[in-house]
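Read the structure below first, then the notes.
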Amino acid sequence: TDMSISYTLSLSLSLCSDHQQALAERVSLSSMLAKSQADLPARRMKDSYIEVHLPLGSEPQLREKYLTYHNTVRFGRILEDLDSIAVLISYSHTHNPALPRSPLSIVTALVDKIDMRQHIIYPDCDIKFTGHVTWVGKTSIEAKMHMSQVGTYRPVLDATFVMVARDPENKRAAFVNPLTPEGPEEKKLFQEGETNKSRRVELSTASLLKVAPTDEERKIVHSLFLNTLDSKTVSFRSRVLPPTSVWMEDAKLKGLEICHPQERNIFNRIFGGFLMRKAYELGWANACSYGGCRPNLVAVDDILFQKPVDIGSLLLLSSQVCYTEGKHIQVRVHSEVFDPLTRQHNTTNVFHFTFASDSDVPNIVPKTYGGEGHHHFTGCFSIDPDISMLRLNWL
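Its first residue numbered 1, the sequence shown is counted upward by one per residue in UniProt numbering.
In structure tokens form, the structure reads like this:
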């Protein structure tokens, strides 16, 4: 037993030493960074095109990692794969054959959108991922990916990720190769990327943390609360829950993750795909509890990576059903790192998931005028994007 403990400890120390050495070696790559984007050659979309095959059907041992208890595919694992593929696409776009290693550190900034084309992912069929870069800024890259299942010849999902390039130490932004679209279809994709960027900037500047709500927004929020006032007392302290409804405060589910080295990336931070998987699984469990059945995922919106998560962190995950409409359930998952020594909480990520239940679900009703009302509108917009008067960044 003593020999086993000694071996385990020495192996752990060796892995830590190897990781520190790898980080030290990356520092020397800083001299290979481009001084400006103009110093880098332009790339075509096909230069970053990749295909990745996941042999779920032909390799039963691999399939075990992706299976749920009900013999379905764990979508959290698919999120991890999409994150890895987006990184690979970005490195393909920025690849310099003259360099032995890339000086860039590619990290996930945002999952802009994941749309499900079908709700069933067959565990006994191989999966094919395809994707390429569709837009670039000076230091950012938009990658679109598609997933289908071999044998069914049907698309499963479409995903859009936004990646950012950093220096070898992941401390500052780094330039990426410009992109030259070829033909009408590629130019359309590139223009969509420009539109997406403008939309994100607009939403960011419209945040309630920066701009006061409009008169129309105040009226909508106020009407929600007027509909739940007790007519006998006419007081905000006395509220009446409408029939077939649930207070938002009663539709929460929380979790805790201890961030172990197993889930780290080369920068000694927690892998973004792991965070997405854990947030999705908590959000799904909350939707399952709320709807009373196993819900299907409809879409993933606006996963924001605000701060990295260090190894050893205590990661607190909090999910909230924030909007419902018919069979649809919108769940917001907020993740934060808690430091037990300083007692400080720092937000790291915000996730939005839309699920569909088997039948209509109870209406969710905000009880507070502040955060719950704002989250309610965020979910409302995600399900019904035509409600353009509402600000998404009430987070």
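Ideal placement from N, C-alpha and C gives every residue a C-beta, glycine not left out.
Put simply, of Y91, G283, D302 the residue whose alpha carbon is nearest the alpha carbon of V201 is D302. Under a 10 Å Cβ-count criterion, G292 is classified as exposed, with fewer than 16 other Cβ atoms of the shown protein chains found around its own Cβ. Residue environment: R74 is assigned as buried (16 or more neighbouring CB atoms within 10 Å of its CB, all protein chains considered). By the C-beta criterion, the segment 269-282 is judged to be in contact with the segment 345-362, since at least 3 inter-stretch pairs fall below 8 Å. Between the beta-carbon of A165 and that of A173 there is about 7 Å, and that keeps the pair under the 8 Å contact cut.
With 16 or more other Cβ atoms from the protein chains shown falling within 10 Å of its own Cβ, E257 counts as buried. For V27, the closest C-alpha among the options K171, S359, I127 is that of K171.
For V246, the enclosing beta strand (DSSP E) stretches over residues 245-247. For the options K35, L179, G272, the alpha carbon positioned closest to that of E142 is the one of L179. In the three-state DSSP reduction, C259 falls in the coil class, being neither helix nor strand. Rounded to whole angstroms, the Cβ separation of A287 and F355 is 4 Å, and the two are in contact under 8 Å. Here the alpha carbon of H146 sits roughly 31 Å from the alpha carbon of I311. A straight line joining the alpha-carbon of H95 with that of Y290 spans about 47 Å. For the 9 Å CB-CB criterion, V333 and L79 do not form a contact. Taking all protein chains in view, the Cβ of L62 is surrounded by fewer than 16 other Cβ atoms within 10 Å, so the residue is classified as exposed. Across the structure, H260 and L314 are spaced so that their CA atoms are roughly 10 Å apart.
In this structure, V111 sits away from I127, with a CB-CB distance that is not shorter than 9 Å. Take D115, set aside five residues on each side of it, and the residues of its chain with a beta-carbon closer than 6 Å to its own are D158, A299, in chain order. According to the DSSP assignment, H352 belongs to the beta strand (DSSP E) that extends over 344-356. The beta carbons of W247 and G193 sit no closer together than 9 Å. Restricting attention to V240, R343, A251, D47, the CA atom closest to the CA of P97 is found in D47. DSSP places R101 in the coil class of the three-state scheme, outside both helix and strand. By the 16-neighbour rule on beta-carbons within 10 angstroms, V331 is buried. Counted as a single uninterrupted DSSP element, the stretch harbouring E325 is not any alpha helix (DSSP H) but the beta strand (DSSP E) occupying residues 314-325. In terms of Cα proximity to R77, the closest of V176, H93, Y66, L29 is Y66. Following the DSSP letters along the chain, one finds I311 in no alpha helix (DSSP H), marked with neither H nor E. G283 is positioned such that its CB atom lies closer than 9 Å to that of F353. Counting only residues of its own chain and dropping the five nearest sequence neighbours on each side, Y49 has a CB closer than 6 Å to the CB of H132. In the displayed model, D81 falls within a helix according to three-state DSSP.
In the same chain as E281, and ignoring 5 residues on each side of it, the C-beta atoms closer than 6 Å to its own belong to G76, in chain order. A distance below 8 Å between beta-carbons, with the five flanking residues on each side excluded, links T152 to the following residues of its chain, in chain order: Y122, C125. Ranked by Cα distance from H328, the first of T139, P100, N363 is N363. Cβ-Cβ distances below 7 Å link I106 to V87, S90, Y91, M163, A165 in the same chain, with the five nearest sequence neighbours on each side left out; the list follows chain order. Here T139 carries a coil assignment [DSSP, helix/strand/coil].
Sequence-distant Cβ neighbours of I270 in its own chain, meaning closer than 8 Å and more than five residues away, are C259, E263, R264, P308, V309, D310, I311, S313, L315.
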